[in-house]
Amino acid sequence: MIPASFDYERASSVEEAISLLGSHEDAKLLAGGHSLLPAMKLRVARPSMLVDIGRLTDLSYIREDGDAVAIGALTRHHDVANSDALHELCPIASYAAGQVGDPQVRHVGTIGGSVAHGDPAGDMPTVLLALDATFVAQGPNGTRQIAAGDLFTSLFETALAPNEVLTEIRVPKSKDRGWSYLKFNRRAQDWAIVGVAALDGASPAVALTNMGLTPIRATAVEQALAGGADPATAAQQAAEGTAPPDDAFASAEYRRELAKVLVRRALEDASG
Amino acid sequence: MAATETFVGTPVLRKEDPDLITGQASFVDNQTMPGMVWMYVVRTPFAHAKLNAVDVGPARSMPGVIAAYTAVDLAGDFGGPLPFVWPITEDIKVPTHQALTSDKVRYLGDGVAVVLAETRVQAKDAAEAVTYDCDPLPAVTDMEEAMKDEVLIHEDLGTNVTVHWSHGGAGDQSVFDTAPVIVQERYHQPRLIPNAIEPRGCLAFGIPAQGEFTLVSATQIPHIVKVTLSGTCNIPEQKLRIIAPDVGGGFGSKLNVYAEEALALVLARKTKRPVKWVEERSENYLATIHGRGVTHDCTIAASEDGKILGMKFVEIADMGAYYQLLTPGIPELGGWVYMGPYDPQAYWYEFRGVLTNATPTDAYRGAGRPEATYVVERMLDALARRVGKDPADVRRMNLHPPHAEAVTSLMGLQVDSANYEPTFDRALELVGYEQWRKEQASRRDAGDLRQIGIGISSYIEMCGLAPSNILGALRYAAGGWDGATIECLPTGKVILKTGTSPHGQGHETSWAQVVADGLGVTPDDVEVLHGDTAITPLGMDTYGSRSVAVGATAIHFAMEKVRAKARTIAAHELEVSEDDVEWSDGAFRVKGAPEKAKTVPEVAFSAWHAHALPEGVEPHLNATAVWDPPNFTWPGGTHICVSEVDTETGKVDILQYVAVDDCGNVINPQIVDGQVHGGVAQGIAEALYEEALYDQSGNLMTSTMQNYLIPSAAEIPPLTLDRTVTPSTTNPLGVKGIGEAGTIAAPPAVVNSVIDALSHLGVTDVGKPASPERVWRAIQQARAEGPPGGPSSSRSVAAPVSEGGAA
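Protein sequences appear in the order of chains A and P.
Sequential numbering from 0 applies to the first sequence in numbering that gives the first Met the number 0.
Sequential numbering from 0 applies to the second sequence in numbering that gives the first Met the number 0.
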């Protein structure tokens, strides 16, 4: 519970944060700290320096922007969960943010931190993947946009470079689509054992939490739905292409069965 | 002015809360001293390893380090091994348990070296620099594997099965062969990890030149720590003072004497610096005792209609790598309640204690009695299924008849008083039993994906530890008495010094209520001092739901002594004979002339200035009493849990929970309700969430709060509480104790409800805790085997625990 020693710098701008990240090997960004700090306290993570971006308030916003809603990376889960704009234009995102952790986590943890941490058990990455969100990253050479399907590369790994800062998440407006996010866990505050995000519409989208090394799209289910299958039939494909963890919480076999049940329920919920 | 209001039986607000909720409490970790150094204990990542060498040299050159020692370095500093005080049989084999190990590492919590540094971070960083040469050995954390003796934890003992205790049986044992119905089941209850909000911690300091030392420790048992560590640390007892400051919970985990307490004292003497140690939570999981860890083979012999003839339980209990203070005594403590509130003709209980490469087990809230109650109540449901009766009916027909006076039970101890059926009936009424059975039937008929189950748990406890003569007969090293001193101050206020050592129970409030009523003052007039062996030397501390039954009774008798002296002085001042003085409306009054009165505060002032005391009366109004209870107390009750089980996922939701307890007379109903709330929450945790899991190498997989699942408020349903009152005959207050009732009653109520929800599918066991995956697997297995084969089917399904720990 006592971290190894580390240096600490508070960045006053994104540019300064990028510069600090580039000048120190093994420096890490600190936003809400709700994933990083526990790992440091267990001395599982031992960054040489923390670059604190927690006070870059201009990265905390939610605003309508064309056919998308732009969410600043430093927006707290609580603010995402309680955003009127998201309630109206992308309700699955605000609902899922309200399912993250507990009230304390939601008031400190950020949507950008949750995404950049790349935890396949996180709620927001799965929902953003289902939404085909776009991620805006800023690095020494300017900004670039990364598609949701390209961001999550492996367990706790993303396409973000070590000296890039995730600055914005852009979610397509989805006000006309039925939606559901089902999170199965043992305690309200826990990560999902399995989670399912579903959006109906012309091209139904289904994504899974904690069913592989990254959040994943249930493509077999999506194809079955596109082919006209009913939710119960399509849901039978939910475990296709997954590689769920096998741990003290749940076996892989159980997770695969849960995925089928939860996908069926989520599809029924989304279309109901 | 006498207080005519009485306080016992009313919900007086807790005197303890203002400082706790405003951050002004003083826990060990709040305390600091000039020159203080921090201690860190070096542990290895091995559950079992031969220890060839430990090198603290690299740590000694780290920043801020004052000293670093191995077991060899400290060999001359200790007077003996760590204390173990309950050798329950003559032929018990007792492992040697040193504060630091030197030959082998036997579990993950075994310390191999200790580091002192100026700051806590420096101490931890330096501890990482200590190197050791180990040969890892095969580790055994499974009891049945350990019983094969292929891997020995302590080679010198020759076996891991170090103790066998048998009650010896009572009644006609032939019923176990001849009864028309024999139900046999095997149940496993996994290890649990106690999680007090405040982890352990201690601060040792002294005047080395005088040989005087003080240990401030987050402990439940300052008095027992003093007696035992005096020997372990070679400090004459009159030179040793133990202080338990504000202590943030214990649940039995602080009913112990730990290596770190001994090390801190020895190192304060050796380095002449105050030495502080505070446990990290992950250390708590490794090096603080665990609870439970038992497997029972259970037999009930009964008639065709479900009348119980005999109850037999053969247990194996995981002791861990060493005996802590009481380790093998814990199963034995449960050994007296395996008949529950029932009335069998024959009784048998025995257990074997098994050493493993895991954290030592010891008392965890309920201490043996939850383990017993769990298997008894699971068996009652198994019996009901076997004879095809409603589990409520089977319980009611088997309840022991009521008795207002003490009765010797079949297992040989005297039960002080009992009246189980009204308690039982009240619980059924409160939960709406018949309506839930109808709802269950309709959901079954509809094939609903969410099925309803109703689980009952009726229990008895053995509390008020304990009559010293019985403890002696059970080979426990200490007595079970407690002490109290009352001092009436000249300004009318009162100091009470109690031998109990509260760590969340609210003794300052409840004890003040007792004293206020007895002396005609208010609870605010009474200051309760506790937890410091220099201030309250007479005590046996707080555990085993003993404090009210023993500690408060000692207060009662100290109060009687004060009142007797006060009466003499009052009569003298009222110029009447003592026979003409009576106590009424909070004062001594002249019979027939109640306006002529003396209050205790008035008498206290007279006794203090001592200007005109009666002949032979000493100045000052004070008294001490030490009370040794003539018997245990026996609370009981019935809890009922209604659960909804999602048959597709195995997830359990508790819809309703009713607890009707009988703890005798109640001093503060709000505090009693709080004890039940907390205990039931802990019992629900045990039933559905918590379990310590080791992998095959002996690594603790549930090593943090992230994967050891302590439920939050969100997982605990609203609780409906009620009480019946059957006063104890053991003590004049008629009190029995309530601290452990919830953890004793709740686990089988919850697990029975889950099985009950699925019994129509053929499910007879879901394991403990009833995790969603275990429940789901039980459903899959039952479906694979087809529907239940009628009332004679009774089988036990082993809980599926894969080697990866999944389930």
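Note that the Cβ used here is the ideal one computed from N, Cα and C, for glycine as well.
Quick caveat, the model's predicted, so the values are computed rather than measured.
Taking a Cβ-Cβ threshold of 8 Å, none of the residues of chain A is close to valine 64 of chain P; the smallest such distance is about 15 Å.
CA-to-CA, the gap between glycine 649 of chain P and aspartate 245 of chain A works out to about 17 Å.
Cβ-Cβ separation between methionine 48 of chain A and alanine 84 of chain A: approximately 36 Å, too far for a contact (criterion under 8 Å). Counting C-beta pairs with one atom in each stretch, the stretch 101 to 121 of chain P and the stretch 311 to 330 of chain P have three or more that are closer than 8 Å, which means they touch. Arginine 264 of chain A: member of the alpha helix (DSSP H) spanning 251 to 270, first to last residue. Within chain A, the residues whose beta carbon sits less than 7 Å from that of lysine 123 of chain P are Ile1, listed in sequence order. Beta-carbon to beta-carbon, phenylalanine 134 of chain A and alanine 147 of chain A are separated by about 7 Å, close enough to satisfy the 8 Å threshold. Closer than 7 Å at the C-beta level to chain P, one finds these residues of the stretch 169 to 196 of chain A: Phe183, Arg185, Arg186, Ala187 and Gln188. For arginine 268 of chain P, the closest of P:Glu690, P:Pro207, P:Gly766 and P:Ile778 by C-alpha to C-alpha distance is P:Pro207.
Going by DSSP, proline 57 of chain P is part of the alpha helix (DSSP H) stretching over 56 to 59. For alanine 67 of chain P, the enclosing beta strand (DSSP E) starts and ends at 64 to 69. For tryptophan 85 of chain P, there is no enclosing alpha helix (DSSP H), since its DSSP letter is neither H nor E. About 5 Å separates the beta carbon of valine 644 of chain P from that of glutamine 450 of chain P, a gap short enough to meet the 8 Å contact definition. A distance below 8 Å separates the beta carbons of alanine 686 of chain P and proline 746 of chain P. Selection P:Cys297, P:Ile242 and P:Ile653 evaluated against glutamine 30 of chain P yields P:Ile242 as nearest (Cα-Cα).
Residue nearest to proline 57 of chain P within the set P:Ala122, P:Gln97 and P:Glu197 is P:Ala122 (criterion: CA-CA distance). Taking C-alpha positions only, valine 27 of chain P is separated from lysine 564 of chain P by approximately 39 Å. Its Cα nearest to that of isoleucine 288 of chain P, the residue P:Arg190 stands out among P:Arg190, P:Thr213, P:Trp276 and P:Ser216.
With a cutoff of 8 Å on beta-carbon distance, leucine 181 of chain A and arginine 264 of chain A are scored as near each other. Residue range 599 to 608 is occupied by the alpha helix (DSSP H) that includes histidine 608 of chain P. The DSSP-derived three-state label of arginine 42 of chain A is coil.
Under the Cβ criterion (8 Å, minimum of three pairs), the stretch 53 to 68 of chain P counts as touching the stretch 130 to 138 of chain P. Distance check between aspartate 342 of chain P and each of P:Gly367, P:Ala417 and P:Arg377 places P:Ala417 closest, using alpha-carbon atoms only.
Around the Cβ of aspartate 392 of chain P, a 10 Å sphere holds fewer than 16 other Cβ atoms; the residue is exposed. Residues of the stretch 40 to 62 of chain A whose Cβ lies closer than 9 Å to any Cβ of chain P, in chain order: Lys40, Leu41 and Arg42. Interface flag for leucine 207 of chain A against chain P is unset, since no Cβ pair is found closer than 8 Å. With contact defined as three or more Cβ pairs closer than 8 Å, the stretch 121 to 128 of chain A and the stretch 93 to 110 of chain A are in contact. Using a Cβ-Cβ cut-off of 8 Å, serine 270 of chain A does not count as an interface residue toward chain P, since no Cβ of chain P sits closer than that to its own.
Tyrosine 7 of chain A has a beta carbon lying at 8 Å or more from every beta carbon in chain P. Scanning chain A for C-beta atoms nearer than 7 Å to the C-beta of leucine 708 of chain P yields Arg185 and Arg186, reported in chain order. Assigned with DSSP and collapsed to three states, tyrosine 94 of chain A falls in helix. Interface annotation, methionine 700 of chain P: in contact with chain A, CB-CB separation under 8 Å. Residues of chain P with a Cβ closer than 7 Å to the Cβ of valine 260 of chain A are, in chain order, Glu647 and Thr648. Scanning P:Arg773, P:Arg776, P:Gly168 and P:Asp304 for the CA closest to the CA of tyrosine 348 of chain P turns up P:Gly168.
Under the Cβ criterion (8 Å, minimum of three pairs), the stretch 611 to 622 of chain P counts as touching the stretch 551 to 566 of chain P. Here DSSP, grouped into helix, strand and coil, assigns glutamate 331 of chain P to helix.
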